[in-house]
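Asks: Below is the structure I would like to discuss, written out as structure tokens.
There are 2 protein chains.
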Amino acid sequence: MTNRRDAVREILVHSEGFRSAQDIYAQLRADGAKIGLTTVYRALQALADNGQVDMLRTDDGESVYRACATGTHHHHLVCRRCGRTVEVAGPAVERWAETVGAEHGFTAITHTVEVFGTCPSCTAIKSAG
Amino acid sequence: MTNRRDAVREILVHSEGFRSAQDIYAQLRADGAKIGLTTVYRALQALADNGQVDMLRTDDGESVYRACATGTHHHHLVCRRCGRTVEVAGPAVERWAETVGAEHGFTAITHTVEVFGTCPSCTAIKSAG
DNA sequence: CCGATTTTGACAACGGTTTTCATTTTAGCG
DNA sequence: CGCTAAAATGAAAACCGTTGTCAAAATCGG
């Protein structure tokens with residue numbers, strides 16, 4: 200049943216930024232849920248297939264997930280210090296990706312775009328410290 | 200000594216697109232080189248640290264490397280079938296990234312942009328087979 | 001309640017990467 | 001050249017996130 204899957208999604212919905220599978224699993228167990236790591240992975244995959252969560256790879260190859268507002272295509276602006284995430288729509292990038300692909304005769308264009316930066320709060324902290 | 204490291208770089212310099220460590224290792228061995236996988240990894244890390252090669256993660260978490268023409272900032276259009284790579288400059292994306300970052304008060308903006316598609320040759324193959 | 005189907009989860013397997021550590025190679029020096 | 005210290009090398013083990021296996025448990029349909 201989808202009990203466990205909902206539990207997994209709940210975690211994501213109530214999370215600020217991206218979470219890893221292991222991370223979610225740990226929190227679920229800490230919350231007292233009886234769930235296995237395998238099921239967390241399966242739930243995450245199902246959710247990602249459904250477009251209910253976004254998935255991306257961190258620089259060290261770990262998959263991280265985030266519940267997104269809609270199934271609409273969008274990108275992320277992620278604070279590299281606190282992990283805070285803002286969803287950003289980028290018609291310009293979509294078009295650019297399509298264009299450069301087409302210019303070189305490529306078809307079935309997809310693209311990954313992630314923007315990293317330091318958010319306002321963390322910028323303040325940094326300059327203070 | 201940097202003998203092995205040069206061998207690794209040679210492979211990359213003479214390669215069209217991104218290559219994986221294991222891939223490079225296999226070619227080196229096929230070429231008759233006496234080199235270990237460990238050394239290939241170490242060479243690749245050193246090269247990447249030096250900025251002599253670009254490194255990125257594929258969607259399935261594998262690290263792939265490529266010798267780049269210059270240290271100039273650019274992106275890649277990668278054929279998801281044969282791995283053929285085209286370097287593309289994208290002033291539009293650069294500006295877009297800066298803009299969305301700034302809009303949300305983020306500083307020290309960086310971005311990762313990779314475009315994937317099926318190259319002309321592979322598109323032909325696909326429709327043929 | 002009963003059997004069929006799906007879901008679950010402990011555990012093993014997998015695959016790429018990194019570490020370990022003993023051996024080999026190189027550099028410095030007389 | 002011979003010697004020693006330091007660096008590089010590579011085979012194998014360790015790591016770690018992820019995926020597969022398979023038997024047990026939950027759920028559905030009748």
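In order, the protein sequences belong to chains S and H. So the first sequence is numbered by our numbering: it starts at 200 and just counts up by one. So the second sequence is numbered by our numbering: it starts at 200 and just counts up by one. Note that beta-carbon positions come from the ideal geometry of N, C-alpha and C, so glycine has one too. Every value quoted in this text rests on a predicted model; they were computed, and no experiment measured them.
Give a yes or no on whether 8 Å exceeds the smallest Cβ distance from Val-252(H) to chain S.
Replies: no
Asks: With a cut-off of 8 Å on the beta carbons, I'd call Leu-211(S) and Arg-265(S) a contact; round off their distance for me.
Replies: So it is a contact: roughly 6 Å between Cβ atoms.
Asks: Asp-248(H) lies in the alpha helix (DSSP H); which residues open and close that run?
Replies: 236-249
Asks: Taking 8 Å as the CB-CB cut-off, is His-273(S) touching chain H?
Replies: no
Asks: I need the straight-line Cα distance from His-213(H) to Arg-283(H), nearest angstrom please.
Replies: 13 Å
Asks: Could you check how far apart the C-beta atoms of His-310(H) and Phe-315(S) are, in whole angstroms? I think they sit under 8 Å.
Replies: 7 Å
Asks: Hey, out of Val-263(H), Asp-222(H), Val-292(H), whose CA is closest to Val-140(H)'s CA?
Replies: In the structure as shown, chain H begins at 200 and stops at 328. Residue 140(H) is therefore absent and cannot be evaluated.
Asks: Could you pull the start and end residues of the alpha helix (DSSP H) that Arg-228(S) belongs to?
Replies: 220-229
Asks: Determine the direct distance from the alpha carbon of Ile-324(S) to that of Asp-222(H), and round the result to whole angstroms.
Replies: 44 Å
Asks: Given Thr-298(H), which residues of its chain have a CB within under 8 Å of its CB, disregarding the five upstream and five downstream residues?
Replies: Within its own chain, no residue has a Cβ closer than 8 Å to the Cβ of Thr-298(H) once the five positions on either side in sequence are excluded.
Asks: Output yes if chain S places a C-beta closer than 8 Å to the C-beta of Val-263(H); else output no.
Replies: no
Asks: Give me, in chain order, the residues of the same chain whose beta-carbon lies closer than 7 Å to that of Arg-203(S); leave out the 5 immediate sequence neighbours on both sides.
Replies: Ile-234, Thr-238, Ala-242
Asks: Is the CB of Gly-276(S) under 8 Å away from at least one CB in chain H?
Replies: It is Leu, not Gly, that sits at residue 276(S) in the sequence shown. Taking Cβ atoms only, chain H reaches closer than 8 Å to Leu-276(S), which makes this a yes.
Asks: Just grab the DSSP bridge partners of Gly-316(H) for me.
Replies: Cys-278(H)
Asks: Please decide whether Arg-203(S) counts as near chain H, where near means a Cβ-Cβ distance under 8 Å.
Replies: Not closer than 8 Å to any Cβ of chain H, the Cβ of Arg-203(S) fails to qualify, so no.
Asks: On the CB-based measure, 16 or more other CB atoms within 10 Å of its CB, does Arg-294(H) come out buried or exposed?
Replies: exposed
Asks: Would you list the residues sitting across from Leu-255(H) in a DSSP beta bridge?
Replies: Val-263(H)
Asks: With the cut-off set at 8 Å, would you say Phe-305(H) and Cys-318(S) are in Cβ contact?
Replies: Taking 8 Å as the Cβ cut-off, Phe-305(H) and Cys-318(S) qualify as a contacting pair.
Asks: Does the Cβ of Ala-307(S) have 16 or more other Cβ atoms within 10 Å, making it buried, or fewer, making it exposed?
Replies: It is exposed - the Cβ of Ala-307(S) has fewer than 16 other Cβ atoms within 10 Å.
Asks: Can you find a C-beta in chain H that's less than 8 Å from the C-beta of Thr-170(S)?
Replies: This structure cannot speak to residue 170(S), because chain S is shown only from 200 to 328.
Asks: Within 10 angstroms of its Cβ, does Ala-301(S) collect 16 or more other Cβ (buried), or is it exposed?
Replies: exposed
Asks: Looking at the structure shown, is Glu-297(S) part of a helix, part of a strand, or coil, going by DSSP?
Replies: helix
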